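So the structure is just underneath, and the comments pick up after that.
Numbering (the working numbering), first residue to last: 582 to 888.
Spelled out as structure tokens, the structure:
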């Protein structure tokens with residue numbers, strides 16, 4: 582299935598989504614509607630590093646994070662940022678490991694209720710050129726953390742080598758592609774407000790924690806993946822797409838909403854409460870399968886659909 586790499590970015594859309602408080606988010610990041618747009622580039626060579634801890638604090642704009650092209654493989658990180666305010670780029674070395682942080686420079690937060698939605702939207706609706714384009718080396722083992730603010734996010738990590746991954750998203754839509762790796766790794770995804778689409782690539786071995794936040798969430802698991810996913814529903818629907826023939830176990834404790842599963846799922850335990858559908862379902866041959874998908878779902882407000 583095709584991974585779409587980018588959503589168009591609109592502050593109008595984001596302002597409509599989150600209501601009051603946009604101004605406070607922007608002010609906390611040190612951004613003013615009168616600030617001039619600048620483009621800055623940042624780079625750090627591999628220089629013998631075999632692993633790296635990379636932290637990206639991507640405050641506002643459209644984000645595009647992915648693996649570097651082969652010709653750029655001598656760089657551990659390359660970034661081009663179109664921004665307002667200041668951007669920090671810090672690098673430290675610890676033997677063959679590098680520690681990198683790229684992000685917006687915070688200023689003292691003095692926001693108050695005077696910064697309303699209308700003021701923030703008026704200041705930023707013409708700022709569609711704000712962007713964070715980040716390329717990471719596909720051969721260096723990464724502990725990667727991404728924190729976003731008011732952003733639309735294209736995070737195609739499918740060609741990277743991850744030891745661990747954490748995403749804390751703020752407001753905006755997110756597309757996330759998680760890779761296969763030499764070893765099983767943990768991915769911690771915490772959504773804020775907005776739609777989210779997560780793909781786990783072919784053959785990946787992942788322990789996924791997914792906190793859904795507010796907005797529709799979809800999880801696509803590709804063939805051959807071995808996945809344990811702990812999913813906490815928020816406000817909005819959750820859709821999980823499974824590969825054909827996968828060995829799957831679903832444990833669901835739903836909130837306000839229904840649970841829909843494929844016809845080949847057998848209910849092995851019924852824990853129904855007065856509201857929602859609760860229980861355990863398995864596909865035929867689950868216990869004997871070598872590679873499995875285990876889904877633990879704690880629902881919020883919205884339906885769970887597995888297909």
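Built from N, CA and C at the ideal position, the CB exists for glycine as well. Since the model is a prediction, treat every value here as computed from it, not as a measurement.
- [ ] Look at the alpha carbon of residue 882 and the alpha carbon of residue 781, and state the distance between them as a whole number of angstroms.
- [x] Here residue 882 refers to the residue found at position 301 when the chain shown is read from its first residue. Here residue 781 refers to the residue found at position 200 when the chain shown is read from its first residue. Looking at the two C-alpha atoms, the distance is approximately 24 angstroms.
- [ ] On a CA-only basis, which of 865, 858, 863, 867 is nearest residue 885? Give me that one, please.
- [x] In the chain shown, residue 885 corresponds to position 304, counting from 1. Comparing Cα positions, the closest option is 858.
- [ ] State yes or no: is the C-beta of residue 790 within less than 9 angstroms of the C-beta of residue 806?
- [x] Translated into positions along the chain shown, residue 790 becomes position 209. Translated into positions along the chain shown, residue 806 becomes position 225. In this structure, residue 806 does not lie closer than 9 angstroms to residue 790 by Cβ.
Open item on the list: Would residue 745 and residue 724 qualify as a contact pair, given that the criterion is a beta-carbon distance under 9 angstroms?
Closed with: Residue mapping note: residue 745 aligns to position 164 of the chain shown, counting from 1. Residue mapping note: residue 724 aligns to position 143 of the chain shown, counting from 1. Yes; because the gap between Cβ atoms is below 9 angstroms, this pair is in contact.
Task: Distance between residue 654 and residue 818 (C-alpha atoms, nearest Å) - done: Sequence index remark: in the chain shown, residue 818 carries index 237 (1-based). Sequence index remark: in the chain shown, residue 654 carries index 73 (1-based). Looking at the two C-alpha atoms, the distance is approximately 40 angstroms.
- [ ] Specify whether the stretch 731-751 and the stretch 760-779 touch according to this definition: at least 3 beta carbon pairs, one from each stretch, less than 8 angstroms apart.
- [x] yes
TODO: Report back the beta-carbon spacing between residue 635 and residue 712 to the nearest angstrom; my notes put them in contact at under 8 angstroms.
DONE: Numbered from its first residue, the chain shown carries residue 635 at position 54. Numbered from its first residue, the chain shown carries residue 712 at position 131. The pair is not a contact, with the Cβ atoms about 18 angstroms apart (cut-off 8 angstroms).
Open item on the list: Tell me whether the stretch 823-835 and the stretch 859-868 touch, counting them as touching only if at least three CB pairs, one residue from each stretch, are closer than 8 angstroms.
Closed with: yes
Open item on the list: What does the alpha-carbon distance come out to for the pair residue 648 and residue 849?
Closed with: By 1-based counting over the chain shown, the position of residue 648 is 67. By 1-based counting over the chain shown, the position of residue 849 is 268. Rounded to whole angstroms, residue 648 to residue 849 spans 42 angstroms at the Cα level.
Task: Assigned exposure category for residue 646 - 16 Cβ within 10 Å defines buried - done: Sequence index remark: in the chain shown, residue 646 carries index 65 (1-based). The residue is buried, with at least 16 neighbouring Cβ atoms inside 10 Å.
TODO: Classify residue 747 as helix, strand or coil using the three-state DSSP reduction.
DONE: Walking along the chain shown from the start, residue 747 turns up at place 166. Three-state DSSP puts residue 747 in a strand.
- [ ] Name the one or two DSSP bridge partners that residue 839 has.
- [x] Counting from one through the chain shown, the residue named residue 839 turns up at place 258. Answer by DSSP bridge pairing: none, since residue 839 is not bridged.
Task: Distance between residue 657 and residue 627 (C-alpha atoms, nearest Å) - done: Against the chain shown, residue 627 aligns to sequence position 46. Against the chain shown, residue 657 aligns to sequence position 76. Taking the straight line from one Cα to the other gives about 5 angstroms.
Task: Rounded straight-line distance, which links the Cα of residue 756 to that of residue 777 - done: Position 196 of the chain shown holds residue 777. Position 175 of the chain shown holds residue 756. When rounded, the distance between both Cα atoms is 6 angstroms.
Task: Cα-Cα separation, residue 753 to residue 729 - done: The count along the chain shown starts at 1 and reaches residue 753 at position 172. The count along the chain shown starts at 1 and reaches residue 729 at position 148. Between residue 753 and residue 729, the C-alpha separation is close to 9 angstroms.
Open item on the list: Taking the alpha carbon of residue 795 as the reference point, which residue from 810, 726, 617, 880 has its own alpha carbon closest?
Closed with: For the purposes of this step, residue 795 is identified with residue 214 of the chain shown, where counting begins at 1. Selected option, being the one with the closest Cα: 880.
- [ ] Assign residue 860 to one of three DSSP states: helix, strand, or coil.
- [x] Mapped onto the chain shown, residue 860 falls at position 279. Residue state, collapsed to three classes: strand.
Task: Nearest candidate by alpha-carbon position, reference residue 751, set 743, 734, 765 - done: Residue mapping note: residue 751 aligns to position 170 of the chain shown, counting from 1. Considering only alpha carbons, the answer is 734.
Open item on the list: For a minimum of 3 consecutive residues, which ranges assigned as the beta strand (DSSP E) are wholly contained in the stretch 610-674?
Closed with: 619-626, 632-648, 656-664
Task: Contacting residues, own chain, Cβ-Cβ under 8 angstroms from residue 631 (five flanking each side not counted) - done: Here residue 631 refers to the residue found at position 50 of the chain shown. Excluding sequence neighbours, residue 631 sits near 677, 678, 721, 722.
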